[in-house]
Amino acid sequence: MSKIVLEANDIYKHFDDGKSKVEVIKGLSLQVKAGEFVSIVGSSGSGKSTLLHVLGGLEQPTQGQVFLQGQRFDNLGEAERGFKRNQYLGFVYQFHHLLPEFSALENVAMPLMLRSDVQYKSAKAQAEYLLDRVGLSHRMDHQPGELSGGERQRVALARSLVTKPAVVLADEPTGNLDRKTALSVFELLTDLKKELNMAMLIVTHDEQLAQSADSILHMQDGLWIEQQ
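Next up, the structure:
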């Protein structure tokens, strides 16, 4: 039986500007098992990205609990959540968020270089392996501004995997790419998921891409509306 690596119990999230309260997530629960691929599909404003931020410890829920690798995650202090994120989670975004002044190799190695127990030589070797795996061995020394959109997203993908995370959280990872490049990046992501035996939770508008998942969760107005 596969281990549950990420779990949310009865999650609520609202934002209050002092004048009004906006409820974005309304009592959602989910479990993601090791090696499982789950996609979340829904229109803009349905709460998908907010849920991903809560699951990834970037925001705290208003109510409810998040467990990462079987341990309570949402109630940790900011520094401890950051440590757990670096240890167990990988993030891929629609916009790559690469550091423009660093090379592709340095961007990918960065999450490992933030760890006190990893030497630069080791971080560089792992970054080189993943850049080769995503087809960018010839572009390692180039800065993001010298790369195409598809290449930048592949660098971001390699960066999300360099720590060998238990779970990859991806928010519209192909949303700003042309169709051909989007399919290529998505196929690469699913191949690497299998190779590294990690769980993957992807938010997407794209029903066709979502069909590759082991399960699909449909979200509307902060609620699940159907599952398959």
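Just so we're aligned: 171 in the numbering used here is position 93 of the sequence shown, and the numbers increase by one with no gaps anywhere. Cβ atoms here follow ideal geometry from the backbone N, Cα and C, with glycine treated the same way. None of these values were measured; they are calculated from a predicted model.
{"Item": "For L267 and R211, the rounded distance between their alpha carbons", "Value": "11 Å"}
{"Item": "Same chain only: Cβ atoms within 7 Å of F169, ignoring 5 sequence neighbours per side", "Value": "G134, S238 and L247"}
{"Item": "Among L261, S121, G213 and L208, nearest to T241 - alpha-carbon criterion", "Value": "L208"}
{"Item": "Burial state of A288, where buried means 16 or more other Cβ atoms lie within 10 Å", "Value": "buried"}
{"Item": "Residue from A244, E229 and M188 with nearest C-alpha to L146", "Value": "A244"}
{"Item": "With 16 other Cβ atoms within 10 Å as the buried cut-off, status of I303", "Value": "exposed"}
{"Item": "Counted within 10 angstroms of its Cβ, other Cβ atoms place L167 as buried (16 or more) or exposed", "Value": "buried"}
{"Item": "Between the CA atoms of T259 and K272 - distance to the nearest angstrom", "Value": "20 Å"}
{"Item": "C-alpha distance - G253 paired with N153, whole-angstrom precision", "Value": "32 Å"}
{"Item": "Under the three-state DSSP convention, the category A160 falls into", "Value": "The sequence as given places Gly at residue 160; Ala does not occur at that position. Of the three classes helix, strand and coil, the one that applies to G160 here is helix, per DSSP."}
{"Item": "Where Y171 falls, given that 16 or more other Cβ within 10 Å makes a residue buried", "Value": "buried"}
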